[in-house]
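Let me begin by presenting the structure, written as structure tokens, before commenting on it.
2 protein chains.
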Amino acid sequence: MTTEVASCAKKSRGRPKVFDRDVALDKAMTLFWQHGYEATSLADLVEATGAKAPTLYAEFVNKEGLFRAVLDRYISRFADKHEAQLFCEEKSVEDALRDYFSAVATCFTSKDTPAGCFMINTSATLAASSKEIAHTIKSRHAMQEKTLCEFLTQRQARGEIPADKCIGELAQFLSCILQGMSISAREGASLETLLQITDTTLRLWPQMLKI
Amino acid sequence: MTTEVASCAKKSRGRPKVFDRDVALDKAMTLFWQHGYEATSLADLVEATGAKAPTLYAEFVNKEGLFRAVLDRYISRFADKHEAQLFCEEKSVEDALRDYFSAVATCFTSKDTPAGCFMINTSATLAASSKEIAHTIKSRHAMQEKTLCEFLTQRQARGEIPADKCIGELAQFLSCILQGMSISAREGASLETLLQITDTTLRLWPQMLKI
Chain U
1 MTTEVASCAK KSRGRPKVFD RDVALDKAMT LFWQHGYEAT SLADLVEATG AKAPTLYAEF
61 VNKEGLFRAV LDRYISRFAD KHEAQLFCEE KSVEDALRDY FSAVATCFTS KDTPAGCFMI
121 NTSATLAASS KEIAHTIKSR HAMQEKTLCE FLTQRQARGE IPADKCIGEL AQFLSCILQG
181 MSISAREGAS LETLLQITDT TLRLWPQMLK I
Chain Y
1001 MTTEVASCAK KSRGRPKVFD RDVALDKAMT LFWQHGYEAT SLADLVEATG AKAPTLYAEF
1061 VNKEGLFRAV LDRYISRFAD KHEAQLFCEE KSVEDALRDY FSAVATCFTS KDTPAGCFMI
1121 NTSATLAASS KEIAHTIKSR HAMQEKTLCE FLTQRQARGE IPADKCIGEL AQFLSCILQG
1181 MSISAREGAS LETLLQITDT TLRLWPQMLK I
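Protein sequence lines, in the order shown, are assigned to chains U and Y.
For reference, each letter of the first sequence is one residue, going 1 to 211 in the numbering used here.
For reference, each letter of the second sequence is one residue, going 1001 to 1211 in the numbering used here.
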């Protein structure tokens, strides 16, 4: 990241440093992901992004505005790509789920980003004063279960899941495992461990459809 | 809790207010559970416990000392009781696991304590400066998986689990589900939802032993 700022500064030699919104958002994302929303101060964000405080205020109004922009960027950089693994009609249900779980596991354990799930980490310890942000993160996080519901409903309509199977319960169970994987990752579990959990889940899948 | 302090004050009328260590620890526990270790300041702890700062310092030295005492109390008030559900030789493996999961689910969703797991919540956003506390919480939290391992190993020795089944993998998977339940609870899942997840897990149990 330092390199990007440096090269950006070089390009604009003699002119005011160009504010790179995406670079700033990525640096802010790392801070929020690591320390949570509450514990990340605007001063920390100013320091990490290398932007001047007035620039950040002009662009995002306040910490909440910056966080919302970071959340959008997180979704386009990560969540959308994970979900694309799921919504691929040529794949079997098992393959789509395995690819989705593997993509999420890879993200949780990637060395390029803090360990665990961005949304679980950021919402960990929200103060009473951050109700709106808490609501935003929770709604977005609940979307993971909704996305799984949507995917499973499509596959049920195609006859790949028994018609009498409760999709809500299935999605809830799969979502619980993904959340558990996030905590395991934060506590140091390796990608290998998470892929083993994924494998167990998929080997149980045929039985999940029967019980 | 206020009532306890009041009645304690009444009893010691005319003498200095008696410091009730357990009441103070329970109040500190609620704060740490709700806001995490990092975001809970000594000033917050002084206010919540109603104790004077010098009393807290004399008793616990510093925030870290107080947290360690809270952790011990959490273990005796909660963790030990949950584990007792597991280590009951008369129960079948399934019954022991169901009772253990149900006890944990009840704790995660109890109105008497903040939602979710004390250890997952407190360790959510630890600063680099809190390495020792991070280590303490992680070691203690890893004990959940170790406890499951110990239980499953005992049952394998009794022939209730196939001899060739990898206990480590089983414990890892069950532990992942418990961690996911903690996050679900923190995001508002009801006891009913967590018991449904428990039920699904137990209905998958025979298959877990086969795959």
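Yeah, the Cβ is synthetic: ideal placement off N, Cα and C, and Gly gets one too.
Problem set entry | Closer than 8 Å to chain U by CB, isoleucine 1177 of chain Y | As a first step, residue 1177 of chain Y must be located in the second sequence, where it is residue number 177. Interface with chain U (8 Å Cβ-Cβ cutoff): isoleucine 1177 of chain Y is included.
Problem set entry | Reference glutamine 144 of chain U, options U:Lys131, U:Ala134, U:Ala48 and U:Phe101, closest by Cα | Locating residue 144 of chain U in the first sequence gives position 144, where the first residue counts as 1. Glutamine 144 of chain U has its Cα closest to that of U:Phe101, out of U:Lys131, U:Ala134, U:Ala48 and U:Phe101.
Problem set entry | Best match in Y:Ala1163, Y:Ala1185 and Y:Leu1209 for proximity to leucine 1174 of chain Y [C-alpha to C-alpha] | Position 174 of the second sequence, counted from the first residue, corresponds to residue 1174 of chain Y. Relative to leucine 1174 of chain Y, the option among Y:Ala1163, Y:Ala1185 and Y:Leu1209 whose CA is nearest is Y:Leu1209.
For this session: Could you tell me how far apart the beta carbons of threonine 1193 of chain Y and serine 1184 of chain Y are, in whole angstroms, since I believe they sit closer than 8 Å?
Result: Within the second sequence, residue 1193 of chain Y is the residue found at index 193, counting from 1. Within the second sequence, residue 1184 of chain Y is the residue found at index 184, counting from 1. Confirmed, about 7 Å.
Exercise. Within 10 angstroms of its Cβ, does proline 206 of chain U collect 16 or more other Cβ (buried), or is it exposed?
Worked result: If you number the first sequence from 1, residue 206 of chain U lands on position 206. An exposed status is given to proline 206 of chain U, since fewer than 16 other beta-carbon atoms sit within 10 Å of its beta-carbon.
Problem set entry | Contacting positions in the segment 1034-1049 of chain Y - beta carbon closer than 7 Å to chain U | Residues passing the 7 Å Cβ filter: His1035, Gly1036, Glu1038 and Ala1039.
For this session: On a CA-only basis, which of U:Ala28, U:Pro162 and U:Phe118 is nearest asparagine 62 of chain U? Give me that one, please.
Result: Here the question's residue 62 of chain U lines up with position 62 in the first sequence. Of all alpha-carbon atoms in U:Ala28, U:Pro162 and U:Phe118, the one lying nearest the alpha-carbon of asparagine 62 of chain U is that of U:Ala28.
For this session: Decide yes or no for the touch test of the segment 41-52 of chain U against the segment 81-99 of chain U: beta carbon pairs closer than 8 Å, at least 3 of them.
Result: They do not touch, by the three-pair rule.
For this session: Could you tell me whether the Cβ of histidine 1082 of chain Y comes closer than 8 Å to any Cβ of chain U?
Result: The count along the second sequence starts at 1 and reaches residue 1082 of chain Y at position 82. With 8 Å as the cut-off, histidine 1082 of chain Y does not count as an interface residue toward chain U.
For this session: Output, in sequence order along the chain, the residues in the segment 158-172 of chain U whose CB is closer than 7 Å to any CB in chain Y.
Result: Taking 7 Å as the upper bound on Cβ-Cβ separation, chain Y lies near residues Glu169 and Gln172 of the segment 158-172 of chain U.
Exercise. Which word fits aspartate 1095 of chain Y, buried or exposed, when buried means at least 16 other C-beta atoms lie within 10 angstroms of its C-beta?
Worked result: Residue mapping note: residue 1095 of chain Y aligns to position 95 of the second sequence, counting from 1. Under a 10 Å Cβ-count criterion, aspartate 1095 of chain Y is classified as exposed, with fewer than 16 other Cβ atoms of the shown protein chains found around its own Cβ.
Exercise. Taking the Cβ atom as the reference point for each residue, do isoleucine 1120 of chain Y and cysteine 176 of chain U lie within a distance shorter than 8 Å?
Worked result: Counting from 1 along the second sequence, the entry for residue 1120 of chain Y is found at position 120. Counting from 1 along the first sequence, the entry for residue 176 of chain U is found at position 176. The answer is no: Cβ separation not under 8 Å.
Exercise. Excluding five sequence neighbours on each side, which residues of the same chain lie with their C-beta closer than 7 Å to the C-beta of phenylalanine 67 of chain U?
Worked result: On the first sequence, position 67 is the one that residue 67 of chain U refers to. Apart from the 5 residues on each side of it in sequence, phenylalanine 67 of chain U sits with its Cβ closer than 7 Å to the Cβ of Phe32, Tyr37 and Ile133 in its chain, given in chain order.
Problem set entry | C-beta neighbour in chain U for isoleucine 1211 of chain Y, strict 8 Å | The count along the second sequence starts at 1 and reaches residue 1211 of chain Y at position 211. True, the Cβ-Cβ gap to chain U drops below 8 Å.
Exercise. Can you name the residues of chain U whose CB is closer than 8 Å to the CB of threonine 1113 of chain Y?
Worked result: Counting from one through the second sequence, the residue named residue 1113 of chain Y turns up at place 113. Here the premise fails: no neighbours, minimum Cβ distance about 15 Å.
Exercise. Helix, strand or coil: how does DSSP classify proline 162 of chain U here?
Worked result: Position 162 of the first sequence holds residue 162 of chain U. Three-state result, proline 162 of chain U: coil.
Problem set entry | Closer than 7 Å at the beta carbon, the chain Y residues around glutamate 132 of chain U | For the purposes of this step, residue 132 of chain U is identified with residue 132 of the first sequence, where counting begins at 1. Here the premise fails: no neighbours, minimum Cβ distance about 16 Å.
Problem set entry | Where arginine 1203 of chain Y meets chain U, residues with beta-carbon distance less than 7 Å | Walking along the second sequence from the start, residue 1203 of chain Y turns up at place 203. Residues of chain U passing the Cβ test: Ile211.
Exercise. Counting Cβ pairs, one atom from each stretch, are 3 or more of them under 8 Å apart for the segment 1143-1159 of chain Y and the segment 147-165 of chain U?
Worked result: Not touching, per the Cβ criterion.
Exercise. In angstroms, rounded to a whole number, what distance separates the CA positions of serine 1097 of chain Y and leucine 1202 of chain Y?
Worked result: Start at 1 with the first residue of the second sequence, and residue 1097 of chain Y comes out as number 97. Start at 1 with the first residue of the second sequence, and residue 1202 of chain Y comes out as number 202. The sequence given here places leucine at residue 1097 of chain Y; serine does not occur at that position. Distance between the alpha carbons of leucine 1097 of chain Y and leucine 1202 of chain Y: 8 Å.
Exercise. What in chain U is Cβ-close to serine 1184 of chain Y, meaning under 7 Å?
Worked result: Indexing the second sequence from 1 puts residue 1184 of chain Y at position 184. By Cβ distance, chain U contributes Cys176 and Gln179.
Exercise. Using the rule of at least 16 other Cβ atoms within 10 Å of the residue's Cβ for burial, across every protein chain shown, is serine 41 of chain U buried or exposed?
Worked result: The residue labelled residue 41 of chain U in the question sits at position 41 within the first sequence. Exposed.
For this session: Mark proline 1114 of chain Y as exposed unless 16 or more other C-beta atoms lie within 10 angstroms of its C-beta, in which case mark it buried.
Result: Within the second sequence, the letter at position 114 stands for residue 1114 of chain Y. With 16 or more Cβ atoms within 10 Å of its Cβ, proline 1114 of chain Y is classed as buried.
Exercise. Span of the alpha helix (DSSP H) holding serine 190 of chain U?
Worked result: Here residue 190 of chain U is taken as the residue at index 190 of the first sequence, counted from 1. That residue, serine 190 of chain U, is in no alpha helix (DSSP H); it is neither H nor E in DSSP.
For this session: Report buried or exposed for aspartate 200 of chain U, applying the criterion of at least 16 other Cβ atoms within 10 angstroms of its Cβ.
Result: Within the first sequence, residue 200 of chain U is the residue found at index 200, counting from 1. Sequence inspection shows threonine at residue 200 of chain U; the aspartate mentioned does not correspond to that position. Counting Cβ neighbours within 10 Å, threonine 200 of chain U comes out buried, since at least 16 surround it.
Exercise. Taking the alpha-carbon positions, what's the alanine 189 of chain U to leucine 148 of chain U distance?
Worked result: Taking the first sequence and counting its residues from 1, the one referred to as residue 189 of chain U is at position 189. Taking the first sequence and counting its residues from 1, the one referred to as residue 148 of chain U is at position 148. Spanning the two alpha carbons is a distance of roughly 24 Å.
Problem set entry | Partners in chain Y for lysine 138 of chain U, counting only beta-carbon separations shorter than 9 Å | As a position in the first sequence, residue 138 of chain U is number 138, starting the count at 1. What lysine 138 of chain U touches in chain Y: Glu1187 and Gly1188.
For this session: Give me the Cβ distance between serine 123 of chain U and histidine 141 of chain U, rounded to the nearest whole Å; I'm assuming they're in contact under 8 Å.
Result: Counting from one through the first sequence, the residue named residue 123 of chain U turns up at place 123. Counting from one through the first sequence, the residue named residue 141 of chain U turns up at place 141. Correct: roughly 7 Å between the Cβ atoms.
Problem set entry | is_contact[histidine 141 of chain U, chain Y] using C-beta, thresh 8 Å | The residue labelled residue 141 of chain U in the question sits at position 141 within the first sequence. It does: the Cβ of histidine 141 of chain U has a partner Cβ on chain Y nearer than 8 Å.
Exercise. In this structure, does DSSP put threonine 40 of chain U in helix, strand or coil?
Worked result: Reading the first sequence from its first residue, position 40 is the one you call residue 40 of chain U. If DSSP states are grouped into helix, strand and coil, threonine 40 of chain U belongs with coil.
Problem set entry | leucine 191 of chain U beta carbon less than 8 Å from that of threonine 109 of chain U | In the first sequence, counting from the first residue as 1, residue 109 of chain U sits at position 109. In the first sequence, counting from the first residue as 1, residue 191 of chain U sits at position 191. Yes, the Cβ-Cβ distance between threonine 109 of chain U and leucine 191 of chain U is below 8 Å.
Problem set entry | Whether alanine 1069 of chain Y touches phenylalanine 1060 of chain Y by CB criterion (8 Å) | For the purposes of this step, residue 1069 of chain Y is taken as the residue at position 69 of the second sequence. For the purposes of this step, residue 1060 of chain Y is taken as the residue at position 60 of the second sequence. Alanine 1069 of chain Y places its beta carbon less than 8 Å from that of phenylalanine 1060 of chain Y.
Exercise. Where proline 54 of chain U and glutamate 160 of chain U are concerned, what is the direct C-alpha to C-alpha distance, given to the nearest angstrom?
Worked result: Taking the first sequence and counting its residues from 1, one reaches residue 54 of chain U at position 54. Taking the first sequence and counting its residues from 1, one reaches residue 160 of chain U at position 160. Straight through space, the alpha carbons of glutamate 160 of chain U and proline 54 of chain U are spaced by roughly 55 Å.
Exercise. Sorted by chain position, which residues of the same chain lie with C-beta nearer than 7 Å to threonine 198 of chain U's C-beta, five sequence neighbours on each side aside?
Worked result: Reading the first sequence from its first residue, position 198 is the one you call residue 198 of chain U. In chain order, Arg98, Phe101, Ser102 and Ala105 place their CB closer than 7 Å to the CB of threonine 198 of chain U, counting only its own chain and leaving out the 5 sequence neighbours on each side.
For this session: Check distances from the C-beta atoms of the segment 88-110 of chain U to those of chain Y and list, in chain order, the residues that come in under 7 Å.
Result: Contacts with chain Y (Cβ-Cβ distance below 7 Å) from the segment 88-110 of chain U involve no residue at all.
For this session: Return the residue from the list U:Phe19, U:Leu45 and U:Leu195 that minimises the CA-CA distance to glycine 65 of chain U.
Result: Translated into the one-based positions of the first sequence, residue 65 of chain U becomes position 65. With distances taken between Cα atoms, glycine 65 of chain U lies closest to U:Leu45.
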